[in-house]
Amino acid sequence: MNTLAKSLPVPVRAAPVLRLDPIWWLGELGARQPVLAGTGILIGLAIIPMSFAALLDPRLLNGIDVWIKPIKFATAILLYMLTLAFFASWASGRDRRAWWFNASVRIVAAAAIFEIAYIAFQASLAEASHFNRTDVLHIALYGMMGVGATLMVAFSGLLGILIQRNRALDVAPAVRDSAVIGLLLTFVLTMIVAGTLSASGSHWIGGAHSDAGGMTLTGWSRDGGDLRVAHLFATHAMHFIPVFGVVSAYIFGGGNRRPVWLFSAVYTGFVAFLYFQALAGEPFLPFLK
């Protein structure tokens, strides 16, 4: 079997890794895991009214439009849920039919909906959702967000384990390893960074505690450390490493796992560098605005 066929789940349908039709992809992801894909699409649709609200609502929070944060979170959760839907089909049929797997899927979907609903609701009030400890109610809701986020991220780790033990999956070893490592690192690295964020009570380390004047598009601090940088790359290990795995399979052969493991080690080191850079109060790429 050639490298392309070995780098994709069987049956190989119209070279899905190369297909760029978004409508086809939505249907494909819905077929792989309808609950996760459907939740992601629902959250993605919520970006539309929030974008209109951002155009009409002049209020600010932390120096930027109140709707910027929920739009960013909705975009991130949309991508996360669709990625989980894609990789869910790489678990064995037996695992996918198990009650605990389907219960986990529904818990993750509910957590995602709660997270974005609460963030959007707080934005409508021009109040913070994260680190909001103004009263008992907000402390409880923030705690629920933390539990929900933990469950969402933990599911990526679970998928990594399930894919690793599915020996019937006809995928090139390099691609399998990249998916497993990427999903597991998303869980481990994100929990480390998120735990520090929660304990710190803020993503800013030194510098002005405001998103005004932050990096274009991301809003990352330009005059101090910002743990959101490490958090972003930690959660996107599930994207960067598998993409490298597919490219590596084309270039070095699907049976050659070494490039994937080397890239994964470098990627982990990169996230660690971003993490300690933020803790040192230093901005990411300070020459960028």
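Positions 4 to 292 (my numbering) are the ones given, in order, by the sequence shown. Every residue, glycine too, gets a C-beta built ideally from N, C-alpha and C.
Residues that D229 bridges to, as DSSP identifies them: In the sequence shown, residue 229 corresponds to position 226, counting from 1. According to DSSP, D229 bridges with W207.
For N173, the three-state DSSP class (helix, strand or coil): Counted from its first residue, the sequence shown places residue 173 at position 170. Reading the sequence as shown, one finds Asp at residue 173 and not Asn. Here D173 sits in coil by DSSP.
Cβ-based neighbour list, I46, same chain, cut-off 8 Å, excluding 5 preceding and 5 following: Taking the first residue of the sequence shown as 1, we reach residue 46 at position 43. In the same chain as I46, and ignoring 5 residues on each side of it, the C-beta atoms closer than 8 Å to its own belong to A77, I80, L81, M84, A115, I116 and I119, in chain order.
Sufficient close CB pairs (3 or more, under 8 Å) joining the stretch 250-261 to the stretch 175-185: yes
Three-way DSSP call (helix, strand, coil) for M180 in this model: Residue mapping note: residue 180 aligns to position 177 of the sequence shown, counting from 1. The identity of residue 180 in the sequence shown is Asp, whereas the question assumes Met. If DSSP states are grouped into helix, strand and coil, D180 belongs with the helices.
Own chain, CB closer than 7 Å to S205, minus 5 neighbours either side, in chain order: As a working note, residue 205 is residue 202 in the sequence shown. So the list reads F134 and H212, once near-sequence residues are dropped.
C-beta atoms of L32 and F89 nearer than 8 Å: Here residue 32 is taken as the residue at index 29 of the sequence shown, counted from 1. Here residue 89 is taken as the residue at index 86 of the sequence shown, counted from 1. For L32 and F89, yes; Cβs fall inside 8 Å.
Alpha-carbon to alpha-carbon, V174 and V20: What you label residue 20 is simply residue 17 of the sequence shown in a count that begins at 1. What you label residue 174 is simply residue 171 of the sequence shown in a count that begins at 1. Below a pLDDT of 50, predicted positions are generally treated as unreliable, and V20, at 48, falls in that range; the measurement from the model is reported next regardless. Taking the straight line joining both Cα atoms gives about 13 Å.
Sub-8 Å separation of F266 and I244 beta-carbons: Here the question's residue 266 lines up with position 263 in the sequence shown. Here the question's residue 244 lines up with position 241 in the sequence shown. Yes.
Meets three-Cβ-pair contact criterion under 8 Å: the stretch 181-196 and the stretch 223-239: yes
Three-state class that DSSP yields for D60 in the structure shown: Indexing the sequence shown from 1 puts residue 60 at position 57. Three-state result, D60: coil.
Cβ contact check for the stretch 51-68 and the stretch 126-140: 3 or more pairs under 8 Å: yes
I208 beta carbon less than 8 Å from that of L288: Working through the sequence shown from its first residue, we reach residue 288 at position 285. Working through the sequence shown from its first residue, we reach residue 208 at position 205. The answer is no: Cβ separation not under 8 Å.
I164 versus L48, S95, V150 and H141, residue with shortest Cα-Cα distance: Working through the sequence shown from its first residue, we reach residue 164 at position 161. Cα-wise, what sits closest to I164 is S95.
S251, buried or exposed, once every other Cβ within 10 Å from all chains shown has been counted against 16: Numbered from its first residue, the sequence shown carries residue 251 at position 248. Classification for S251: buried.
Helix, strand or coil at N5 [DSSP, three-state]: Within the sequence shown, residue 5 is the residue found at index 2, counting from 1. Only weak support is given to the placement of N5: the predicted model assigns it a pLDDT of 44, under 50, and the question is left unresolved by the model.
As assigned by DSSP and simplified to three states, the class of R16: Your numbering for residue 16 matches position 13 in the sequence shown. Here the model assigns R16 a pLDDT of 32, short of 50, so the residue's position is not dependable and the matter cannot be decided.
DSSP three-state assignment for D24, whether helix, strand or coil: The residue you call residue 24 lines up with position 21 of the sequence shown. D24 falls in the coil class under three-state DSSP.
Opening and closing residue of the alpha helix (DSSP H) in which V69 lies: Counting from 1 along the sequence shown, the entry for residue 69 is found at position 66. Where V69 is concerned, there is no enclosing alpha helix (DSSP H), given that its DSSP letter is neither H nor E.
Neighbourhood of G222 by C-beta distance below 6 Å, restricted to the same chain and skipping five residues each side: Start at 1 with the first residue of the sequence shown, and residue 222 comes out as number 219. Once the five neighbours on either side are set aside, the close Cβ partners of G222 are D214.
Cα-Cα separation between V38 and F290, rounded to whole angstroms: Position 35 of the sequence shown holds residue 38. Position 287 of the sequence shown holds residue 290. Looking at the two C-alpha atoms, the distance is approximately 43 Å.
Secondary structure of S2, DSSP reduced to three states: It is not possible to answer for residue 2, since the shown part of the chain is limited to 4 through 292.
G256 versus L186 - alpha carbon distance: As a working note, residue 256 is residue 253 in the sequence shown. As a working note, residue 186 is residue 183 in the sequence shown. Spanning the two alpha carbons is a distance of roughly 22 Å.
Neighbour-count burial assignment, L48, 16 or more Cβ in a 10 Å radius: Reading the sequence shown from its first residue, position 45 is the one you call residue 48. The residue is exposed, with fewer than 16 neighbouring Cβ atoms inside 10 Å.
Spatial distance of V156 from I254 (CA atoms): The sequence position of residue 156 within the sequence shown is 153, counting from 1. The sequence position of residue 254 within the sequence shown is 251, counting from 1. V156 and I254: Cα-Cα distance of roughly 31 Å.
Proximity winner among I71, F247 and N169, relative to T219 (alpha-carbon distances): Walking along the sequence shown from the start, residue 219 turns up at place 216. T219 has its Cα closest to that of I71, out of I71, F247 and N169.
DSSP-derived helix/strand/coil call for A131: Here residue 131 refers to the residue found at position 128 of the sequence shown. Correct three-state label for A131: coil.
7 Å Cβ shell around V109 - same chain, five flanking residues per side excluded: In the sequence shown, the residue the question calls residue 109 occupies position 106. Strictly speaking, residue 109 in this sequence is Arg, with Val absent from that position. Once the five neighbours on either side are set aside, the close Cβ partners of R109 are V38.
DSSP-derived helix/strand/coil call for F287: What you label residue 287 is simply residue 284 of the sequence shown in a count that begins at 1. Looking at F287 - three-state DSSP - the assignment turns out to be coil, as it is neither helix nor strand.
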